[in-house]
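S.K.:
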Amino acid sequence: MPTINTHEAKTQFSRLLLRVSSGEEIIIAKSGKPVAKLVPIKRQAHKRVAGIDRGNAWIAEDFDAPLPKDLRTYFE
Numbered sequence: 139m140p141t142i143n144t145h146e147a148k149t150q151f152s153r154l155l156l157r158v159s160s161g162e163e164i165i166i167a168k169s170g171k172p173v174a175k176l177v178p179i180k181r182q183a184h185k186r187v188a189g190i191d192r193g194n195a196w197i198a199e200d201f202d203a204p205l206p207k208d209l210r211t212y213f214e
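Okay, so the sequence shown: first residue is 139 according to the numbering used here, each after it adds one.
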């Protein structure tokens with residue numbers, strides 16, 4: 139994994155992005171010490187399906203009811 143200093147990273151940022159987009163990982167260093175890693179974003183392999191978890195969650199009818207007095211004191 140190549141290490142690039144911050145000055146070079148600033149001046150060559152577009153080129154670094156091209157390298158990263160092709161799968162390469164690059165370390166960015168300041169004064170010779172690594173401070174960041176430039177890595178490609180992993181794309182989702184599939185599209186999300188709306189409603190896939192339908193029926194797996196519920197909301198109680200008293201969801202927005204006031205808290206009992208003994209619990210309310212902790213929030214006030």
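For each residue, glycine too, the CB sits at the ideal point set by N, CA and C.
Quick caveat: nothing in here was measured; it's all calculated off a predicted structure.
If you reduce the DSSP assignment to three classes, tell me which class L209 lands in.
M.R.: helix
S.K.: Could you check how far apart the C-beta atoms of T141 and P178 are, in whole angstroms? I think they sit under 8 angstroms.
M.R.: The Cβ separation is near 17 angstroms, so there is no contact.
S.K.: Quick one, which of S159, I166 and G193 has its alpha-carbon nearest T149's?
M.R.: I166
S.K.: Reducing DSSP to helix, strand and coil, say where V173 ends up.
M.R.: strand
S.K.: Just to confirm my understanding: we take V158, look at its own chain, exclude 5 residues before and 5 after, and list those with CB closer than 8 angstroms. What are they?
M.R.: I164, L176, V177 and P178
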